[in-house]
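Novice:
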Amino acid sequence: MPAPDETLADALRERIILGEFAPGTRLSETALAELLGVSRNTLREAFRVLSEQGLIEHVPHRGVSVASPTVADVVDIYRARRYIEQAALAAGSPLHPAVADMTAAVERSEAGLEARDWRAVGTANMAFHGAIVALADSPRLGRLYRDIAAELRLAFLEIDSPEALHAPFVSRNRELLETFLTRGGAAAAHELHDYLVYSEQTVLGAFTRQHRG
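Quick note, the sequence shown lines up with residues 1 to 213 if you use the UniProt record's numbering.
#1: Three Cβ pairs or more, each shorter than 8 Å: is that satisfied between the segment 140-158 and the segment 17-24?
#2: Rounded C-beta distance between R108 and A124? I'm assuming under 8 Å.
#3: Within a Cβ cutoff of 8 Å, which residues of the same chain sit near L165, ignoring the five residues on either side of it in sequence?
#4: Give me the residue from E14, G37, E110 and E45 with the minimum Cα distance to P168.
#5: Under 8 Å, do A88 and L135 count as touching if we go by C-beta distance?
#6: Is it buried or exposed, M1, if we count other Cβ atoms within 10 angstroms and call 16 or more buried?
#7: Going by beta carbon distance, what residues of the same chain come within less than 8 Å of P60, once the five residues before and after it are set aside?
#8: On a Cα-Cα basis, can you pick out the residue from A91, T70, V170 and S65 that is closest to A115?
#9: My understanding is that T103 touches L177, with C-beta atoms under 8 Å, so please give their C-beta distance in whole angstroms.
#10: Three Cβ pairs or more, each shorter than 8 Å: is that satisfied between the segment 68-87 and the segment 29-43?
#11: Identify every residue that forms a DSSP beta bridge with L27.
#12: What residue range is occupied by the uninterrupted alpha helix (DSSP H) comprising I84?
#13: I need the straight-line Cα distance from A186 to A100, nearest angstrom please.
#14: Please determine, among S51, A98 and D194, the residue with the shortest C-alpha to C-alpha distance to L181.
#15: So, with DSSP's three-state summary, where would you put I56?
#16: Within the segment 93-141, note down every full alpha helix (DSSP H) run reaching 4 residues or more, in order along the chain.
#17: With a CB to CB cut of under 6 Å and the five nearest residues on each side skipped, what residues in its chain are close to A149?
#18: Please classify S161: does DSSP put it in a helix, a strand, or coil?
#19: Which residues mark the beginning and the end of the alpha helix (DSSP H) in which V170 is found?
#20: Identify, in the order they occur along the chain, each residue of the same chain with its Cβ nearer than 7 Å to the Cβ of A188, setting aside the five sequence neighbours on each side.
#21: Given a threshold of 16 other Cβ atoms within 10 Å of its Cβ, counted over all protein chains shown, does H58 qualify as buried or as exposed?
#22: Using DSSP with H/G/I as helix, E/B as strand and the rest coil, what is A155?
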């Protein structure tokens, strides 16, 4: 059974990546402890966990705030993604149970695209990539990817064009899945490299335009 601070950290992480606390938002320890019905000590431990995951930061003389990813953070996130996801896909088997999760995520993203529900599309897209990492059968890589994905979602929250950010990758996810199933992991990993480079350029372009604005 997880410790109370771990459970609280998971709940806060979910609220942060869903946009309930925007990047840069100051988190009042007193108000948040009262809102969540937890002790301030438990909340501080949850803050410590989230700080280690890069989701919150301690700002001198201002207390705790939701992290605001920088361009350098986005570049580093994609560097890590290429290492992790390409290796998992290259070595993965089309018979692995995670393929069912990849397929389900693609179908959810396609349904979200049809409904123009960009939050659902973004969530499904990240689930697709999480399923790719699951091909490696490594809980440690899974936890690492979860943290990386959460930081990336923070960057997404700072971009005000979710359609441009998420819509192009729905069809690309389907194509990547088909490549993996029909041509194998090596071919899919090569395709994924180009996919992630394009994704990084898309995010950085939107991210920098937003910050200039």
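Glycine included, each C-beta is placed from N, C-alpha and C at the ideal position.
Note that this is a predicted model, so its numbers are computed, not measured.
Specialist: Once the coordinates are examined:
#1: Result yes; three or more Cβ-Cβ pairs closer than 8 Å.
#2: Correct: roughly 4 Å between the Cβ atoms.
#3: Counting only Cβ-Cβ distances below 8 Å, and skipping sequence neighbours, we find W118, G122, F156, I159, T202, V203 and A206.
#4: Minimum Cα distance to P168 is reached at E110.
#5: Contact: yes.
#6: Since pLDDT at M1 reaches only 38, below the 50 mark, its modelled position is unreliable, and no value is offered.
#7: There are no such residues.
#8: When each option's Cα is compared against that of A115, the closest is V170.
#9: About 7 Å separates the beta carbons of T103 and L177, which is inside the 8 Å limit, making them a contact pair.
#10: Flag = no, the segment 68-87 and the segment 29-43 do not touch.
#11: L27 is bridged by DSSP to V64.
#12: V71 to A91 is the span of the alpha helix (DSSP H), which, as asked, contains I84.
#13: Spanning the two alpha carbons is a distance of roughly 19 Å.
#14: Out of S51, A98 and D194, A98 has the C-alpha closest to the C-alpha of L181.
#15: Note: I56 maps to strand in three-state DSSP.
#16: Within the segment 93-141, the alpha helix (DSSP H) runs of at least 4 residues that lie entirely inside it are, in chain order, 98-115 and 118-134.
#17: Hits under 6 Å: M126.
#18: In the structure shown, S161 sits in coil (DSSP, three-state: anything other than H, G, I, E or B).
#19: Per DSSP, V170 belongs to the alpha helix (DSSP H) from P168 to R183.
#20: Around A188: L89, L176, T179 and F180.
#21: Burial call: exposed.
#22: In the structure shown, A155 sits in a helix (DSSP, three-state: H, G or I).
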